[in-house]
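Trainee: No gaps in the numbering here: position 13 of the sequence shown is 13 in this note's numbering, and each next residue is one more. Note that the Cβ used here is the ideal one computed from N, Cα and C, for glycine as well. Quick one: the structure is below, and I'll ask about it shortly.
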Amino acid sequence: MNTDLSKEQLDFYRENGYVIVEDFLNAEELEHWRRTVTQAIKERNGLKMPGKDVRLGDDDGINEDAAYYNNVFDQLLNLWQTSEEMKQLMVDERIGKMAADLAGADGIRIWHDQALIKRPWANPTSWHLDTPFWSFSDRRALSIWVALDDATLENGCLFFIPGSHKTTTFENTGIGKNMGGIFEVYPEFKQTKSHAAVMKAGSCSFHNGLTIHGAHANMTPGFRRAMTCAYMPDGNTYNGIPNILPDEYLSTLKVGDLLNNDEQNPLIYKR
Numbered sequence: 001m002n003t004d005l006s007k008e009q010l011d012f013y014r015e016n017g018y019v020i021v022e023d024f025l026n027a028e029e030l031e032h033w034r035r036t037v038t039q040a041i042k043e044r045n046g047l048k049m050p051g052k053d054v055r056l057g058d059d060d061g062i063n064e065d066a067a068y069y070n071n072v073f074d075q076l077l078n079l080w081q082t083s084e085e086m087k088q089l090m091v092d093e094r095i096g097k098m099a100a101d102l103a104g105a106d107g108i109r110i111w112h113d114q115a116l117i118k119r120p121w122a123n124p125t126s127w128h129l130d131t132p133f134w135s136f137s138d139r140r141a142l143s144i145w146v147a148l149d150d151a152t153l154e155n156g157c158l159f160f161i162p163g164s165h166k167t168t169t170f171e172n173t174g175i176g177k178n179m180g181g182i183f184e185v186y187p188e189f190k191q192t193k194s195h196a197a198v199m200k201a202g203s204c205s206f207h208n209g210l211t212i213h214g215a216h217a218n219m220t221p222g223f224r225r226a227m228t229c230a231y232m233p234d235g236n237t238y239n240g241i242p243n244i245l246p247d248e249y250l251s252t253l254k255v256g257d258l259l260n261n262d263e264q265n266p267l268i269y270k271r
């Protein structure tokens, strides 16, 4: 893996809130990631995440909004908890160090991994923030997004609003059907030029959880597969938002408790 970040890449990330790492995986590694993700998804049999009884398509047909969101992408979380091969990919200390270097953190924990499968002709993902959904509040939190297929303008690549991470807040603006809805909350970015993160398969991007981002619709008959992982700097505490935490674990937490359970959020890198 190409895990060495240059000073230029670190500086670019801190200024813009995202960075693209070309050729993160070589051809052999890419095929291994594809096989591992495909098998892990198959083993889950539609269960979206461990510890919560929610399955893909459970809300199909409930209303118009549900029908729309179910055609944005298939989303399966914490595959590392149900697949040993997936776990080996996600707990890689080299990736943890990349995340720590970008975040300026001494330690990095997995918040959750996430397979994002944009099906043929899938709807766009509207502009949104990540961190306000999570159970902790840290401006350094970030995610890796690994392209398992070429991510193109035609099939739903990511777009970023450069520099937005510097002033956005932990207010949860949601992910609406209206692509421009977030600019009602952050009108200062309404005229900012977005950056398209076109990537060939095997490349990756990192983005800050407070960077405004979204994705195109898939205008092709092919899939746009990505494997992602969100990272929490070590030392964070519970803010009262349940997010992906299992009900059994939530019953033991109160606001302000340290999120240091290695069964749920493993520490994958520490200086």
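Count the other C-beta atoms from every protein chain shown that fall within 10 angstroms of the C-beta of V19, then say buried if there are 16 or more, exposed otherwise.
Mentor: By the neighbour-count rule (16 or more Cβ atoms within 10 Å), V19 is buried.
Trainee: Look at the alpha carbon of K193 and the alpha carbon of L210, and state the distance between them as a whole number of angstroms.
Mentor: So the two alpha carbons sit approximately 17 angstroms from each other.
Trainee: Spatial neighbours of G107 within its chain, please: CB distance less than 8 angstroms, with the 5 preceding and 5 following residues excluded, ordered by chain position.
Mentor: Within the same chain, G107 has close Cβ partners A100, P233, D234, G235, L267, Y269, K270, R271.
Trainee: By Cβ distance below 6 angstroms, which residues in the same chain neighbour W80 in space, the five residues on each side in sequence not counted?
Mentor: The answer, listed in chain order, is M86, K87, M90, D113.
Trainee: Rounded to whole angstroms, what is the Cα-Cα separation between L104 and I212?
Mentor: Per the sequence shown, the amino acid found at residue 104 is Gly instead of Leu. Distance between the alpha carbons of G104 and I212 is about 20 angstroms.
Trainee: Going by DSSP, name the residue or residues bridged to Q191.
Mentor: Answer is none; Q191 lacks a bridge partner.
Trainee: Answer yes or no: does any C-beta atom of chain E fall closer than 9 angstroms to that of I244?
Mentor: The structure shown contains no chain E, having only a single protein chain.
Trainee: Determine the DSSP secondary structure at V19, reduced to helix, strand or coil.
Mentor: In this structure, V19 counts as strand in the three-state DSSP scheme.
Trainee: Indicate the three-state DSSP secondary structure (helix, strand or coil) for A151 in the structure shown.
Mentor: Of the three classes helix, strand and coil, the one that applies to A151 here is strand, per DSSP.
Trainee: Return helix, strand or coil for W134, following the three-state DSSP convention.
Mentor: If DSSP states are grouped into helix, strand and coil, W134 belongs with coil.
Trainee: List the DSSP bridge partners of D257.
Mentor: Beta-bridge pairing links D257 to no other residue.
Trainee: Can you check the region 64-125 for any beta strand (DSSP E) of at least 3 residues that lies completely inside it and give the ranges in chain order?
Mentor: Complete beta strand (DSSP E) runs here, min 3: 74-77, 107-118.
Trainee: Buried or exposed, going by whether 16 or more other CB atoms sit within 10 Å of the CB of Q191?
Mentor: The residue is exposed, with fewer than 16 neighbouring Cβ atoms inside 10 Å.
Trainee: Between which two residues does the alpha helix (DSSP H) holding R44 run?
Mentor: R44 -> alpha helix (DSSP H) spans 27-44.
Trainee: Can you give me the C-alpha to C-alpha distance between N275 and V185, rounded to a whole angstrom?
Mentor: There is simply no residue 275 to check, as the chain begins at 1 and stops at 271 in what is shown.
Trainee: Just the Cα atoms here: how many angstroms apart are L258 and Y249?
Mentor: Going by the C-alpha atoms only, they are around 13 angstroms apart.
Trainee: I need the straight-line Cα distance from R14 to L102, nearest angstrom please.
Mentor: Cα to Cα, the separation comes out at about 7 angstroms.
Trainee: Let me know if K7 comes out buried or exposed under the rule of 16 or more other beta-carbons within 10 Å of its beta-carbon.
Mentor: So K7 ends up on the exposed side.
Trainee: Could you check the C-alpha separation between L5 and D23 for me, to the nearest Å?
Mentor: Roughly 12 angstroms between the two C-alpha positions.
Trainee: To the nearest angstrom, report how far apart A40 and S83 are at their CA atoms.
Mentor: So the alpha carbons of these two residues sit roughly 6 angstroms apart.
Trainee: So the beta strand (DSSP E) I268 belongs to, where does it begin and stop?
Mentor: First-last of the beta strand (DSSP E) with I268: 267-270.
Trainee: Tell me the DSSP bridge mates of P233?
Mentor: Per DSSP, I108.
Trainee: Tell me the residue span of the alpha helix (DSSP H) that contains D247.
Mentor: Unbroken alpha helix (DSSP H) run through D247: 247-250.
Trainee: First and last residue of the alpha helix (DSSP H) that includes F24?
Mentor: No alpha helix (DSSP H) holds F24; DSSP gives it neither H nor E.
Trainee: R224 and A141: beta carbons closer than 9 angstroms?
Mentor: No, these two residues do not count as a Cβ contact at 9 angstroms.
Trainee: On the three-pair Cβ rule with 8 angstroms, is the region 133-149 touching the region 21-35?
Mentor: Verdict: yes, contact present.
Trainee: Is G174 near N218, with beta carbons less than 9 angstroms apart?
Mentor: No. Outside cutoff.
Trainee: I'd like the span of the beta strand (DSSP E) that includes F206, first residue to last.
Mentor: 204-208 is the extent of the beta strand (DSSP E) around F206.
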